[in-house]
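Under our numbering, think of the first position of the sequence shown as 3, with each following residue one higher.
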Amino acid sequence: MGGFLVRGGERIWGEIRVDAAKNAVLPILAAAILPNGQTLLRNCPHLSDVESMRGILHTLGCKTEWTDEGLVIYGDMLSKGEMPEHLSKRVRSSIFLLGPILARMRKAAMVYPGGCEIGLRPIDLHLSGLRRMGVSIREEGGVLYCDGSKMHAADVHLDYPSVGATENVMMSAVLLDGTTTITNAAREPEIEDLQRYINAMGGNVCGAGTDTVVVKGVKALHGGEYEPMPDRIVTGTYLCAAAITGGAVTLRNARAGDLRAVLDKLMEMGCALREEENLIALAAPCRLKAFHQVQTQPYPGFPTDMQSQMLALASVAKGSSVIIENVFENRFAMVGDLRRMGADIRVAGRAAFVQGKECLCGAQVQSHDLRAGAALVLAALKAEGETLVRDVHFIDRGYEKMEERLRMLGADIRRITAEENA
Ligand code: EPZ
């Protein structure tokens with residue numbers, strides 16, 4: 003697969019605009035099959051995960067098309083409830099379609115979505131929530147057959163504030179008679195964005211962003227247009243690119259309130275931050291100070307999707323840091339690659355102990371998942387010499403044209419093809 007060739011040492015500086023959030027767009031693409039009409043998603047990013055979701059929507063009978071204004075989804079064309087095996091296994095976010103398909107068709111079938119590099123990614127909380135709503139779910143040969151003919155509004159309590167399970171139950175309840183309440187709901191901003199989309203289409207959801215979401219069923223949703231929230235993880239990643247290189251960036255279409263835990267850590271490391279309406283500017287010191295500790299938690303705690311990026315920053319900061327990954331069971335896969343670049347990191351269970359080094363050395367490294375891949379690019383921007391980051395298709399899942407954006411900000415980076423990378 004293709005790679006990024008990076009020559010380190012250039013400071014990252016300048017201004018870019020942040021795209022809409024992958025983790026808001028993916029559930030909204032699923033919810034877009036609920037309305038009796040089309041949805042125009044403005045400023046939708048061109049990501050491979052979006053293309054994968056489009057592929058599944060097409061097999062369900064829904065047309066989607068890119069226009070100058072964004073992505074149009076013809077959700078009203080839904081005609082099937084069975085998701086194709088090759089797609090639902092490959093695309094983790096296929097699980098988001100279960101609730102909306104049940105809401106529209108009252109039956110659904112899908113293969114267990116695959117786990118991925120960061121963990122097993124079980125879906126027990128999704129299924130127990132749907133069962134609480136009267137959906138009967140039978141598993142045969144790895145395929146889930148769901149019968150929603152008797153599904154009803156219910157009070158659903160989540161044992162863990164799962165983002166996906168909260169969104170799935172929310173979407174499955176939108177067209178049901180009565181009121182569904184989700185307690186111990188996840189509070190991520192992307193869930194609030196999904197609520198905003200559903201309500202913009204005529205739904206009646208409230209409480210998203212808190213631990214209790216209330217869905218009052220409506221007869222139908224209408225089509226319309228919507229611009230999803232900016233991507234807070236992409237925002238954090240580009241702030242870290244300036245931080246690790248001693249640079250300075252201004253990010254437009256960036257919401258500081260969605261990223262408070264990360265901004266606090268960047269300030270602890272010596273970065274100066276300026277926040278305005280939909281803008282964040284960061285100026286970094288020549289060398290970062292180590293943060294004492296980062297513990298990943300459900301929102302508003304420190305986001306697990308920024309953990310790898312902080313590991314890269316800690317690797318070159320002055321002093322020692324501890325990172326504890328509480329959300330996913332296997333999110334230190336990039337430690338081996340950082341060590342190959344000279345980082346001093348020791349992992350014990352869910353904790354990584356980092357002794358910051360003055361500099362790292364360029365090496366050949368592997369992207370294991372989309373955030374680890376992005377973090378290795380950050381390390382490469384700082385490292386002396388040349389780094390080849392392989393398998394950047396992982397990065398393309400969540401970052402649109404990362405190499406072009408970073409080149410615009412002063413980086414010496416180019417994409418190489420699989421043939422060149424051989
Ligand atoms: C969403 O995944 C995001 N993906 C992830 O972003 C993000 O890391 C995660 O939330 C946490 O913030 C999208 O929104 C598309 P969870 P999701 O359900 O919904 C366990 C990225 O890099 N769990 O909150 O799958 C699970 O194993 C991606 O953009 C169960 O045990 O996350 C994990 O340990 C990576 N049973 C924890 O909960 C379930 O039924 C959090 O998972 C569901 C989850």
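Yeah, the Cβ is synthetic: ideal placement off N, Cα and C, and Gly gets one too.
Rounded straight-line distance, which links the Cα of Asp161 to that of Ala167 = Here residue 167 refers to the residue found at position 165 of the sequence shown. Here residue 161 refers to the residue found at position 159 of the sequence shown. Looking at the two C-alpha atoms, the distance is approximately 10 Å.
Looking only at C-alpha atoms, which of Ile103, Val113 and Glu360 sits nearest to Arg94?
-> Within the sequence shown, numbered from 1, the residue matching residue 94 stands at position 92. Considering only alpha carbons, the answer is Val113.
Please state whether DSSP places Ala283 in a helix, a strand or coil.
-> In the sequence shown, residue 283 corresponds to position 281, counting from 1. Three-state result, Ala283: strand.
Do you know offhand how far Ala314's Cα is from Glu421's?
-> The count along the sequence shown starts at 1 and reaches residue 314 at position 312. The count along the sequence shown starts at 1 and reaches residue 421 at position 419. Straight-line Cα distance between these residues: approximately 28 Å.
Does at least one heavy atom of the ligand GTP sit under 6 Å from the Cβ of Leu100?
-> No copy of the ligand GTP occurs in the structure displayed; its ligands are the ligand EPZ alone.
Nearest candidate by alpha-carbon position, reference Asp266, set Gly238, Ile246, Glu278 and Gly136 = In the sequence shown, the residue the question calls residue 266 occupies position 264. Minimum Cα distance to Asp266 is reached at Gly238.
Segment contact, 8 Å Cβ cut-off, at least three pairs: the stretch 222-231 with the stretch 199-211 = yes
Who are Ala111's beta bridge partners in DSSP?
-> Position 109 of the sequence shown, counted from the first residue, corresponds to residue 111. DSSP, once it has assigned bridges, lists Glu84 and Tyr147 as partnering Ala111.
Relative to the ligand EPZ, is the shortest distance from any of its heavy atoms to the C-beta of Met95 smaller than 6 Å?
-> As a first step, residue 95 is located in the sequence shown; it is residue number 93 there, counting from the start. The displayed chain sequence assigns Ser, not Met, to residue 95. For the ligand EPZ, at least one heavy atom lies less than 6 Å from the Cβ of Ser95.
The ligand EPZ heavy atoms versus the CB of Asp213: any closer than 6 Å?
-> As a position in the sequence shown, residue 213 is number 211, starting the count at 1. Asp213 Cβ: outside cutoff for every heavy atom of the ligand EPZ.
Thinking just about the alpha-carbon of each residue, which of Ala376, Val145 and Asn280 is nearest to the one in Val20?
-> Your numbering for residue 20 matches position 18 in the sequence shown. Measuring from the Cα of Val20, the nearest candidate turns out to be Asn280.
Excluding the five sequence neighbours on either side, which residues of its own chain have a C-beta within less than 6 Å of the C-beta of Glu331, listed in chain order?
-> If you number the sequence shown from 1, residue 331 lands on position 329. Once the five neighbours on either side are set aside, the close Cβ partners of Glu331 are Gly121.
Starting from Gln368, follow the alpha helix (DSSP H) in both directions and report where the run begins and ends.
-> For this step, residue 368 is matched to residue 366 along the sequence shown. Taken as a continuous stretch (DSSP letters only), Gln368 belongs to no alpha helix (DSSP H), being part of the beta strand (DSSP E) at Gln366 to Gln368.
Taking the alpha-carbon positions, what's the Ile139 to Leu127 distance?
-> In the sequence shown, residue 139 corresponds to position 137, counting from 1. In the sequence shown, residue 127 corresponds to position 125, counting from 1. Spanning the two alpha carbons is a distance of roughly 13 Å.
Give the DSSP-derived three-state secondary structure of Lys65 in the structure shown.
-> If you number the sequence shown from 1, residue 65 lands on position 63. Lys65: strand per DSSP, three-state reduction.
Hey, would you say Gly131 sits closer than 7 Å to Val171, going by beta carbons?
-> Working through the sequence shown from its first residue, we reach residue 131 at position 129. Working through the sequence shown from its first residue, we reach residue 171 at position 169. In this structure, Val171 lies closer than 7 Å to Gly131 by Cβ.
Determine, using beta carbons only, whether His395 and Glu119 come nearer to each other than 7 Å.
-> Residue mapping note: residue 395 aligns to position 393 of the sequence shown, counting from 1. Residue mapping note: residue 119 aligns to position 117 of the sequence shown, counting from 1. No, they are not a contact pair.
Minimum length 3: unbroken beta strand (DSSP E) runs contained in the stretch 219-253 = 226-228
Cβ atoms of Phe98 and Val391: under 7 Å apart, would you say?
-> Here residue 391 refers to the residue found at position 389 of the sequence shown. Here residue 98 refers to the residue found at position 96 of the sequence shown. Against a cut-off of 7 Å, the Cβ pair of Phe98 and Val391 comes out as no contact.
Asp78 - partner residues in DSSP beta bridges | Residue mapping note: residue 78 aligns to position 76 of the sequence shown, counting from 1. Answer is none; Asp78 lacks a bridge partner.
Helix, strand or coil at Gly57 [DSSP, three-state] | Mapped onto the sequence shown, residue 57 falls at position 55. In the structure shown, Gly57 sits in a helix (DSSP, three-state: H, G or I).
Closest residue to Arg399 among Glu12, Trp15, Asn25 and Gly303 (Cα-Cα distance) = Indexing the sequence shown from 1 puts residue 399 at position 397. Cα-wise, what sits closest to Arg399 is Asn25.
Do you know how far the Cα of Ile30 is from the Cα of Cys67?
-> As a first step, residue 67 is located in the sequence shown; it is residue number 65 there, counting from the start. As a first step, residue 30 is located in the sequence shown; it is residue number 28 there, counting from the start. Residue identity check: residue 67 is Glu in the sequence provided, not Cys. The alpha-carbon atoms of Glu67 and Ile30 are separated by roughly 15 Å.
With a CB to CB cut of under 8 Å and the five nearest residues on each side skipped, what residues in its chain are close to Ser164?
-> As a first step, residue 164 is located in the sequence shown; it is residue number 162 there, counting from the start. Correct list, in chain order: Leu127, His128 and Ala188.
Compare the beta carbon distance of Phe355 and Val324 with 7 Å and say whether it is the shorter of the two.
-> What you label residue 355 is simply residue 353 of the sequence shown in a count that begins at 1. What you label residue 324 is simply residue 322 of the sequence shown in a count that begins at 1. Cβ distance < 7 Å, so Phe355 and Val324 count as in contact.
If I'm right that Leu42 touches Glu227 with Cβ under 8 Å, what's the distance once you round it to whole angstroms?
-> Position 40 of the sequence shown, counting from 1, holds the residue named residue 42. Position 225 of the sequence shown, counting from 1, holds the residue named residue 227. About 4 Å separates the two Cβ atoms, so the contact holds.
Buried versus exposed call for Ser54 [16 or more other C-beta atoms within 10 Å across all chains shown] | Against the sequence shown, residue 54 aligns to sequence position 52. Buried, since its Cβ has 16 or more Cβ neighbours within 10 Å.
Identify the continuous beta strand (DSSP E) that holds Ala274 and give its terminal residues.
-> Counted from its first residue, the sequence shown places residue 274 at position 272. Unbroken beta strand (DSSP E) run through Ala274: Ala274 to Glu278.
Just checking my contact of Pro115 with Ser90 at CB under 8 Å: how many whole Å lie between their CB atoms?
-> For the purposes of this step, residue 115 is identified with residue 113 of the sequence shown, where counting begins at 1. For the purposes of this step, residue 90 is identified with residue 88 of the sequence shown, where counting begins at 1. That pair is a contact at about 6 Å.
Between Asn25 and the ligand EPZ, is the CB less than 6 Å from at least one heavy atom?
-> Residue mapping note: residue 25 aligns to position 23 of the sequence shown, counting from 1. Asn25 Cβ: within cutoff of the ligand EPZ.
Name the two residues that bound the continuous beta strand (DSSP E) containing Phe334.
-> Here residue 334 refers to the residue found at position 332 when the sequence shown is read from its first residue. Run containing Phe334: none; DSSP gives neither H nor E here.
Run the CB neighbour count on Asp51, radius 10 Å, all protein chains shown included, and call it buried at 16 or more, exposed below.
-> On the sequence shown, residue 51 is found 49 positions in, with the first residue counted as 1. The residue is buried, with at least 16 neighbouring Cβ atoms inside 10 Å.
Which class does Arg416 belong to by DSSP, given the choice of helix, strand or coil?
-> Your numbering for residue 416 matches position 414 in the sequence shown. The answer is strand: DSSP assigns Arg416 an E or B state.
Check the C-beta distance from Gly344 over to Leu362 and give it rounded, since I have them as a contact under 8 Å.
-> As a first step, residue 344 must be located in the sequence shown, where it is residue number 342. As a first step, residue 362 must be located in the sequence shown, where it is residue number 360. Right, their Cβ atoms sit about 5 Å apart.
Separation of Gly211 from Thr185, as counted between CA atoms = In the sequence shown, the residue the question calls residue 185 occupies position 183. In the sequence shown, the residue the question calls residue 211 occupies position 209. Rounded to whole angstroms, Thr185 to Gly211 spans 12 Å at the Cα level.
Range of the contiguous beta strand (DSSP E) that encloses Arg354 = Here residue 354 corresponds to residue number 352 of the sequence shown, with the count starting at 1. Residue identity check: residue 354 is Ala in the sequence provided, not Arg. Where Ala354 is concerned, the enclosing beta strand (DSSP E) stretches over Ala353 to Gln357.
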